[in-house]
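Step one of this worksheet: look at the structure below.
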Amino acid sequence: MKVSLSGVLRAAAGGAEDIEIEATTIRDLMDRLLDRYPAMQEHVADGGIAVSIDGQIYRDTLGQPIPEGAEVFLLPRLAGG
Amino acid sequence: MDHDTSFTNQTFKTVGTRVNRPDGVDKVTGRARYGADATAPGQLVGLFLRSPHAHAKITKLDVSKAEKIKGVKAVITSADLPDRFGGKGGQYDTLVNCMARDRVLYDGHAVAAVAAIDHATARKALKAIKVSYEVLPHVTDVDEAMAPGAPVVNENVFTSGMDPRPTKPSNVSRISTFGHGDVDVGFAEADVIIEKSFKTEQTHQGYIEPHACLASVGPDGSADLWVTTQGHFTFRTMCSALLGMDMAKLKVTSSEIGGGFGGKTHVWVEPIALALSRKANRPVKVVMTRDEVFRATGPTCSTSMDIKIGAKRDGTITAAQSILRYQNGAFPATWAMMGAMTSFACYDLKNCKSVGYDVLCNRPKVAAYRAPSAPMAAFGVESVVDMVAAEIGMDPVEFRIKNAAKEGTRASYGPTYGPIGIGPTLEAVKNHPHMKAPLGPNQGRGMACGFWFNFGGQTCVDINIGTDGTINLTLGTVDVGGARASMSLICAEELGIPYEQVKANVADTSTLGHNDTTEGSRGTFSSGMATIFAAREAITELKSRAAKMWGIPVEAVEWSEGSATAVGDEHSNLADLSLAEIAAASPGTGGPIAGHNEVVADGAGVSFASHICDVEVDPETGGTKVLRYTVVQDAGKAIHPDYVEGQFQGGAAQGIGWALNEEYIYGDDGRLQNAGFLDYRIPVCSDLPFIDTEILEIPNPNHPYGIRGVGETSIVPPLAAIGNAVSNAAGVRMDHVPMSPPRILKALDDAGQ
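Protein chains in written order, with my numbering: chain P, 4 to 84; chain Y, 312 to 1064.
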């Protein structure tokens, strides 16, 4: 599965724009991401990482399934006012 | 339990009506209790000593004389606030912001706090505290802070987002890059390229109610905090972490709130009030002065940016680039990153690039302000969009429509959009009578569009049905913009009863599970979802009770219009049972009837708005009068249209103030010069026209009612819409917000007019 990175998350993955990770849920994805790129831990601790699946941004639903062939983006977790 | 949150396109009876607001009578009669309205027996007055310097080392801090003054019950310094975070991270920064440790980082940074029996004694104690400073070089301008040789605000900050990681500290805390395609290729394809730099000054949310709280910590460690806040559960989490308290022992109650707009999502004085109370063993009340609110809470960023857009003569944008520099105050944050993500989100772009530089300065810690970071980026981008349209001779609305993002567009921040509302808002603007109204001399019209993400998050709701059939609806999201009315409407809709039968309350932190802060336009979206599912759970129980009353299987019971109906020919002799009848019988059918739901609401769906503005500029004085203003925004579904229109109007009003007058002014000494509403001028009624609104309802596919948040997007377009209007009226492009009379006169002088 192709996972696209943006912002500071690219630097944490050695500058990669896209990475290949097999995962069926967001929890699965985050576990494998941190295993492979320990530098991501800083961003998880520093406000967190959100996951966009087919254009829908998920911040908290770790159990959210990732359908096969979905467009997956990792974004810094955001908040509003 | 998982629920299907998909949009169902149901027909509404109660939702969408303009019922009376439940807090209205209390607020107009003065019965409503705000942050400063709580009292406790034996309460003390808490006051703060604040730094007069923008940047200085604290070389000596002696509170011994203050502690000996009769009537002084506690004095707090950083020595009373142990570091539980290893000297790094966001919580440590919050601790340092609440009370300076070895250095003060901005004018107004707290150095010490006292609790005394009255104001006079507390003030006397503040004067008795001896502080010696070694003044350090400071920097308050974002561009100067990035220049070589600038004073370093925080020596522990190294630029994030670079590979390899820098080894020298920097005022640039983070560099964030977003975009796709190749802007160099795109600019090479362009017939017209416009590149321009812009600045926006720092503004404050300007909520009328200052921060206030009453803290009471008992000798057993149990504590109460009454506070004006957008998120009392979050305040509990923050305060308990900072002070090493058990969360369960700290009960936080949110007062009525006199405005927040993002500024009341962070703790400022509240942990210190608790620390004072813990030390004094007495309740402590803290009410910030307006001077303190300006100097020591969380305004928005000042910014500096470079925007470049290229287009073909046929109106197709070929490339767009934004370089954004956002001043974060003295602590690292992600405001420029958010500006970079939002800057081109309205458009369908083949090639785009946004780079955000988050920059530290010796100013107060920046907080969220309604769609944080988006208005400033929109000012630059939408100004250049107008300039490009003019250059190719195309109507600015048509130019935007041609390039608007749509379902399937790859957003400039990465993902692909689902169904979105930017196109319909632009079409509505194009067809609005406002666009065809004539303009007089020195008058100009401008329009602009804006984007905001919207969020959901953790929420839970209780519904308890009284034996008379009235409903207690217990919410955990602070009612910032109509939660009690909107949730009551949703509850009434689901149960099939009149709105007046529902009484909504915002519970304290010991009554419900965690609810995220009311921010990110999340309140109606997420609490609405929880209210729907809690009501449906209550209906399940109501049906079960009706089945018991009738002695029939529950499968034979249906619910509609507020009553249980027994279905099937064999039950045709059974008269319907109303909710009130079932509730009255509840003591004998199993006890209280309730519904509950907890949910993590994701899928809030993005939001778009387009604004139109007419202004008249006086070329003699540089003064600007806003003549007419129209907001068009997608609400998904307007639960209570009055509140939705109020959000649209409120965002526009704040944007008008930001665009034309509001500005933090720092002296060369790094001190804030205008920390009061006389010198920092927010708009009053006489400054504003009636703000017309048009609500579009393009359902959010991820909410049963189709709800999208509406609280923030309305502040995104105003800076740009007014900037375009003023530029058209004055005949000169304005590039610096606020467009105050001196700036307009200078722009006219520079243009030789």
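Using N, Cα and C, we set each Cβ at its ideal position, and we do this for glycine too.
With 16 or more other CB atoms across the displayed protein chains lying within 10 angstroms of its CB, Y:K676 is buried. In this structure, Y:R721 sits away from Y:L737, with a CB-CB distance that is not shorter than 7 Å. Within chain Y, S471, G472, R485, I486, S487 and M648 have C-beta atoms less than 8 Å from the C-beta of P:V11, given in sequence order. Beta-bridge annotation (DSSP): Y:H907 is paired with Y:D773. Under the 7 Å criterion on CB atoms, Y:R412 is classed as non-interfacial with respect to chain P.
Taking a Cβ-Cβ cut-off of 8 Å, the neighbours of P:R62 in chain Y comprise F766, G767, G768 and D913, given in sequence order. For the set Y:R329, Y:Y417 and Y:S487, the Cα lying nearest the Cα of P:A15 is the one of Y:S487. For Y:V442 against Y:L372, the beta-carbon gap comes to about 5 Å, under 8 Å, which counts as contact. The C-beta distance from Y:T1024 to Y:G761 rounds to 6 Å, short enough to fall under 8 Å.
If you draw a 10 Å sphere on the C-beta of P:Q44, you find fewer than 16 other C-beta atoms in it, and that means exposed. Among the residues of chain Y, those whose CB is under 7 Å from the CB of P:P79 are T645 and M648, following chain order. By the beta-carbon neighbour count (other beta carbons within 10 angstroms, threshold 16), Y:Q944 is buried.
Residue state for Y:D452 is assigned as coil, using DSSP reduced to three classes. Pairwise C-beta distances place the stretch 567-575 of chain Y in contact with the stretch 781-792 of chain Y, as three or more of them are shorter than 8 Å. The continuous stretches of alpha helix (DSSP H) do not include Y:C657, and DSSP gives it neither H nor E.
Residues of the same chain with a CB within less than 7 Å of the CB of P:T27, apart from the 5 flanking positions on each side, are P68 and I69 in chain order. Cβ neighbours of Y:Y724 within its own chain (closer than 6 Å, five residues either side excluded): F489 and M652.
In this structure, DSSP gives Y:I843 a helical state, which the three-state scheme calls helix.
In the structure shown, the three-state DSSP call for Y:T822 is coil. Here the stretch 501-515 of chain Y lies against the stretch 612-621 of chain Y, with 3 or more beta-carbon pairs under 8 Å apart. Counting only residues of its own chain and dropping the five nearest sequence neighbours on each side, Y:A986 has a CB closer than 6 Å to the CB of D602, F605 and R606. DSSP places Y:C612 outside both helix and strand once states are collapsed to three, so it counts as coil. With a threshold of 7 Å between beta carbons, Y:G569 makes no contact with chain P. Rounded to the nearest whole angstrom, the CA to CA distance from Y:Y444 to Y:K399 is 24 Å. Y:E581: member of the alpha helix (DSSP H) spanning E581 to A591, first to last residue. Around the beta carbon of Y:I519, fewer than 16 other beta carbons lie within 10 angstroms, which makes this residue exposed. Under the 7 Å criterion on CB atoms, P:G51 is classed as non-interfacial with respect to chain Y. Residues of the stretch 1026-1057 of chain Y with a C-beta atom less than 7 Å from some C-beta of chain P do not occur. Residue-level contact by beta carbon fails for P:G72 and chain Y, as no gap is shorter than 7 Å. For a Cβ distance threshold of 9 Å, residue set A82, G83 and G84 of chain P lies close to Y:E830, ordered along the chain. Taking every protein chain shown into account, the CB of Y:D1046 has 16 or more other CB atoms within 10 angstroms, so this residue is buried. The beta-carbon of Y:G573 is placed less than 7 Å from the nearest beta-carbon of chain P. When rounded, the separation of the alpha-carbon atoms in Y:D953 and Y:V330 is 9 Å. In terms of CA proximity to Y:D474, P:G17 leads the group P:A82, P:S9 and P:G17.
Y:D887 and Y:R1019 have their alpha carbons spaced roughly 36 Å apart. For Y:R681, a Cβ of chain P is located within less than 7 Å of the residue's own Cβ.
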